[in-house]
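Report on one structure; see the data block that follows.
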Amino acid sequence: MRIVSRAAAMQQLALRWKRAGVKIGFVPTMGYLHDGHLSLVREARKRVGKNGIVVVSIYVNPTQFAPTEDLSKYPRDLKRDLKLCRDEGVDVVFTPGDAEMYPGKAEGKYSTYVVEENLGRVMEGAVRPVHFRGVTTVVAKLFNLVLPDVSIFGQKDFQQAAIIKRMVMDLNFPVQIIVAPTRREPDGLAMSSRNKYLDAEQRAQAVILFHALQAAKNAIAKKPVTAARLKKDLQAFLTAAPLARLDYVEFFDPETLQPVAQVKRGAHMALAVYFGKTRLIDNAKL
Ligand code: AMP
Numbered sequence: 002m003r004i005v006s007r008a009a010a011m012q013q014l015a016l017r018w019k020r021a022g023v024k025i026g027f028v029p030t031m032g033y034l035h036d037g038h039l040s041l042v043r044e045a046r047k048r049v050g051k052n053g054i055v056v057v058s059i060y061v062n063p064t065q066f067a068p069t070e071d072l073s074k075y076p077r078d079l080k081r082d083l084k085l086c087r088d089e090g091v092d093v094v095f096t097p098g099d100a101e102m103y104p105g106k107a108e109g110k111y112s113t114y115v116v117e118e119n120l121g122r123v124m125e126g127a128v129r130p131v132h133f134r135g136v137t138t139v140v141a142k143l144f145n146l147v148l149p150d151v152s153i154f155g156q157k158d159f160q161q162a163a164i165i166k167r168m169v170m171d172l173n174f175p176v177q178i179i180v181a182p183t184r185r186e187p188d189g190l191a192m193s194s195r196n197k198y199l200d201a202e203q204r205a206q207a208v209i210l211f212h213a214l215q216a217a218k219n220a221i222a223k224k225p226v227t228a229a230r231l232k233k234d235l236q237a238f239l240t241a242a243p244l245a246r247l248d249y250v251e252f253f254d255p256e257t258l259q260p261v262a263q264v265k266r267g268a269h270m271a272l273a274v275y276f277g278k279t280r281l282i283d284n285a286k287l
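Whatever position you read off the sequence shown (first residue = 1), add 1 for the working numbering.
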């Protein structure tokens, strides 16, 4: 397994493989890997075959964090991540630093960003205004460095995956985007690097996000319910976890991400919930 930290070196390697007709599968991450990330790696391997190259990037991207968010505290353990990648048969781990990804930024000389102007306005984009600009910018840059044929994203970040798909379509990136299912802990909590922030009591209650998705599924199984009604019911439902503070719950069309007034089967639900300072998200098709 190669570990590459220079942007130019990564691009040179990728160009060489491209010219040789080798397929490249790519999984961008912020590290602190768990089985959710590794399931994307396995999907990438399936897509490119044993003669293809699987690249994982590990980079905590500063431009997708607001100044008030957890950038400096974001969990990191590169040694462990590298071992997990090696065990999973990853070919290249790309670990650029900020100076490689945003040269001159500290001196105000970095000034190009990629902005998706529609899907990024709702839900996560509404409560985290700079977030998706950071995501689209870093993913566009990573695509230009890794030159993937296929790139795998998790449904855990449903809105992010939708925005990346739109960016790829709108900007003609020659890459296929695959969205892989959310991996969960045995009790149903979606795996996330941020779960590490939870204390024992918060962790026990955090499964309420998953249960809220199940409750909504059950509520609309027989007939549609208005979004307003369902939101009220879910707010009451969440009081079963006294440490949970709801940030938002939305019901929306999975293609346009626009809210729906009537929630019926096939609609999508997403929610964000705080436990102390830790913010967890989850989503599902109902
Ligand atoms: P992150 O390191 O949190 O930026 O996530 C990197 C990639 O892993 C993104 O495409 C996420 O959607 C995906 N991912 C994160 N958690 C999970 C999970 N529990 N199941 C599947 N994919 C996930």
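The beta-carbon is built from N, C-alpha and C at its ideal position, and this holds for glycine as well.
Cα atoms of LEU41 and GLU125: separation of roughly 22 Å, rounded to the nearest angstrom. A buried status is given to LEU14, since no fewer than 16 other beta-carbon atoms sit within 10 Å of its beta-carbon. Per DSSP, PHE66 lies in no beta strand (DSSP E) and is assigned neither H nor E. About 5 Å separates the CB atoms of VAL131 and ALA67; that is less than 8 Å, so the two are in contact. With contacts defined by Cβ atoms closer than 7 Å, ILE164 and LEU120 form a contacting pair.
Following the DSSP letters along the chain, one finds PHE144 inside the alpha helix (DSSP H) bounded by residues 132-147. By a beta-carbon distance limit of 8 Å, PRO182 contacts GLN156. Their separation comes to about 6 Å. With 16 or more other Cβ atoms inside 10 Å of its own Cβ, ILE221 counts as buried.
Bounds of the alpha helix (DSSP H) holding LEU239 are 228-239.
For ALA21, no alpha helix (DSSP H) segment is defined, and its DSSP state is neither H nor E. Secondary-structure assignment with DSSP links ASN284 through a beta bridge to ALA271.
Three or more pairs of CB atoms, one per stretch, sit closer than 8 Å, so the region 145-152 contacts the region 17-37. The Cβ atoms of ALA242 and ILE209 sit closer than 7 Å to each other. With contacts defined as CB atoms closer than 7 Å, ARG280 and ALA273 qualify as a contacting pair.
For THR183, the shortest separation between its Cβ and any heavy atom of the ligand AMP lies below 6 Å.
Around the C-beta of THR257, fewer than 16 other C-beta atoms lie within 10 Å, and the residue is accordingly described as exposed.
Just measuring C-alpha positions, the residue of TYR249, ASP254 and LYS265 sitting nearest TYR275 is TYR249. Secondary structure note for PHE27: its beta strand (DSSP E) is the uninterrupted segment 25-30. The three-state secondary structure of PHE211, taken from DSSP, is helix. For ALA207, the Cβ stays outside the 6 Å cut-off from all heavy atoms of the ligand AMP. Shortest gap from the CB of PHE154 to any heavy atom of the ligand AMP: under 6 Å.
Apart from sequence neighbours up to five positions away, the residues of its chain that approach ASN52 with a beta-carbon distance below 8 Å are VAL23 and LYS24, ordered along the chain. MET11 is a Cβ neighbour of PHE95, given a cutoff of 7 Å. With 16 or more other Cβ atoms from the protein chains shown falling within 10 Å of its own Cβ, TYR33 counts as buried. Around the C-beta of TYR103, 16 or more other C-beta atoms lie within 10 Å, and the residue is accordingly described as buried.
Nearest C-alpha to ASN62 among LYS106, GLN160 and ALA205: LYS106.
The criterion of a C-beta distance shorter than 7 Å is not satisfied by LEU287 and ALA207. The beta carbons of VAL55 and ASP92 sit closer together than 7 Å.
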